[in-house]
Structures are given as C-alpha cells and as structure tokens.
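Asks: Quick one: this structure, given as structure tokens, is what I'll be asking you about.
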Amino acid sequence: MKLQHSLGGLQNLGPVNVETRVFVEPWEKRIFGIHTVMMAESTHLSDALPEYPIDTLPTTFKNTWTWASLRTGAEGMQPFEYFKYRYYEKWLMGISQFFVDQGYLCADELAKKTDYYRGNPAAPMPEQPCPEIKTQINAYLTKGDSGLHNLEETPRFAKGAVVRIADPEAVDHTRLPGYLRNKLGTIEVVYPGAFSYFVSTGPDGIGAPMPVYRVAFKAEDIWGKGKSEPNTTIYADLFEAYLESSN
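1 is the number of the first residue of the sequence shown in full-length UniProt numbering; add one for each residue after it.
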C-alpha cells in the first residue's frame, strides 16, 4: 500500500474526518452502484465461487473489474492529488479513466456528457432494463465471490509462532501495509483453507492460493513507545507470502 493508503504512524496530517455516514451526497450511491454492476459483470466471475453465467450474460462489458482494479487506480494517483478529493470522487475518476482506456467511450464524449448533465441536472439518466443483468447483480450482492480454496499444503507457520514481515519489491498494488514491513509479530490465527486475491501482484508475491494469518503486533514495536498507547495490540490479516521466519 502506497503512502496515501498506509498512514499508520504518520503525524501532522491535519484533522481526522469522523463522518460516519456511508453516503454523504446522493450521487455517491450511484457511483457505488456503477462499481457494483461492473463487478457483477466482470469476466473474473467465470472462475469464481459461487458460479455465475458470465459467458451468456447479455452485456457489452467484457473486462475484468474487481476491488483490486479500483484500488490500483486510486493508489496510482499522485498523493497530493489523492488527498484533495473525496472518497467517491476518487472512485469516479478511476472508473471514468478505465472506460476511456478500454475504449468504451472517448474523452471528448465523456466531456460532452458531463457538460450536458451539468447544464441539465434534472435530465433523466439513460436506462436499458435487462432482467438477466438485474438478476445477476442481485445474486452478486447476496453471494459475492470467494477466493477461498482447499488447502493442498500445510501452512508454514502455526499459532504462536513469531514471524518477521517481509519487505517485497514495490509494485502498483499490494496488500501489505507499509508500516508493517520488517516488523516482528505473533501468529494469532491460522485461517482454514487457502485464499487468492483478485489479481496477481507479481513480484509482491500474491498469486496462487495460499494460507492467510492473523498476526498480532505490539504497537510500540511498530511506532516506538513515544508514539504508542501502552498495552496496545495491532492486528493484521496477511497472506503467507508476506511472512518470514524470525530466525
């Protein structure tokens, strides 16, 4: 996770936003809906659990779109630009750029549509009802998709083992918080089964299904006594690729 997604221990970042509402503005619900529809039509569901009828779904969307796609786009933003925008504004920019990059529409067409709806905010949105797609979306919202697999090999680490967190090569997207790199932790839970991620992270190490562990860290071991409340434990669920023997 790059700087803007790995803020643990950083100081002088300004006031903390304590807003508890999931959606602050009405348009944010639509952005979440667009993302959900894209995931429900994504080609990655052809290999997901449970099974979905992707091959016969009557949609023109023929790409893979997952949480990893959304996060990679956000993490690719210049940090100072990233902090300027609201949460769902970043979603909107990432989704819009994806559709342009993949050729579903051009930048000029997007700009014209934007200008039109700014000038006509009450204009109806385009709608193309499709019962099959609505059924697929409802099924996806209910069942989701799982990266859980049968574990074919014994996990490398057992509960109670002390491990050192790896420091893999920096990549476009990682599931390892930066502040945990090279730190020592203790295995609290070995989750049953093996887990895969939506995409391979390449040299970062996430690809084939592997065990996942809950690792406990003393806050003072991460940030030092002067920046930590006493008797505080930090927990992180980590792929096995991110763990090394402490010896």
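The beta carbon of each residue, even a glycine, is placed where N, CA and C say it ideally should be.
As the structure is a prediction and not an experimental result, all values here were calculated from the model.
By Cβ distance below 6 Å, which residues in the same chain neighbour residue 172 in space, the five residues on each side in sequence not counted?
Replies: 72
Asks: Who does residue 146 pair with in a DSSP beta bridge?
Replies: 49
Asks: Please look up how many angstroms separate the CB atoms of residue 212 and residue 238, rounded, as I've assumed it's under 8 Å.
Replies: 7 Å
Asks: Could you tell me the alpha carbon to alpha carbon distance between residue 34 and residue 96, rounded to whole angstroms?
Replies: 11 Å
Asks: Taking residue 240 as the reference, which of 68, 113, 189, 31 has the closest Cα?
Replies: 189
Asks: Among the candidates 31, 28, 47, 54, whose CA atom is the shortest distance from the CA of residue 334?
Replies: Residue 334 lies beyond the stretch modelled for the chain, which goes from 1 to 247, so this question has no answer here.
Asks: Would you call residue 80 buried or exposed, if buried means 16 or more other Cβ atoms sit within 10 Å of its Cβ?
Replies: exposed
Asks: Among 124, 24, 45, 192, which one has its Cα closest to the Cα of residue 198?
Replies: 45
Asks: For residue 205, which residues from the same chain have a beta carbon less than 6 Å from its beta carbon, with the 5 sequence-adjacent residues on both sides left out?
Replies: 168, 241
Asks: Contact defined as beta carbons within less than 8 Å: I believe residue 145 pairs with residue 49. What is the distance between those atoms, to the nearest angstrom?
Replies: 7 Å
Asks: Residues in the same chain with beta-carbon distance under 6 Å from residue 219, minus the five sequence neighbours each way, listed in chain order, please.
Replies: Answer for residue 219: 228, 232, 234, listed in chain order.
Asks: Quick check on the DSSP output: the alpha helix (DSSP H) that includes residue 239 runs from which residue to which?
Replies: First-last for residue 239: 233 to 239, but that is the beta strand (DSSP E), not the alpha helix (DSSP H).
Asks: Where do the ends of the beta strand (DSSP E) carrying residue 185 lie?
Replies: Per DSSP, residue 185 belongs to the beta strand (DSSP E) from 184 to 190.
Asks: Just to check my reading of the structure: residue 170 and residue 187 have Cβ atoms closer than 8 Å, yes? What is that Cβ distance to the nearest angstrom?
Replies: So it is not a contact: roughly 25 Å between Cβ atoms.
Asks: Measuring only the C-alpha atoms, how far is residue 326 from residue 222?
Replies: Only positions 1 to 247 of the chain appear in this structure, which leaves residue 326 out of reach.
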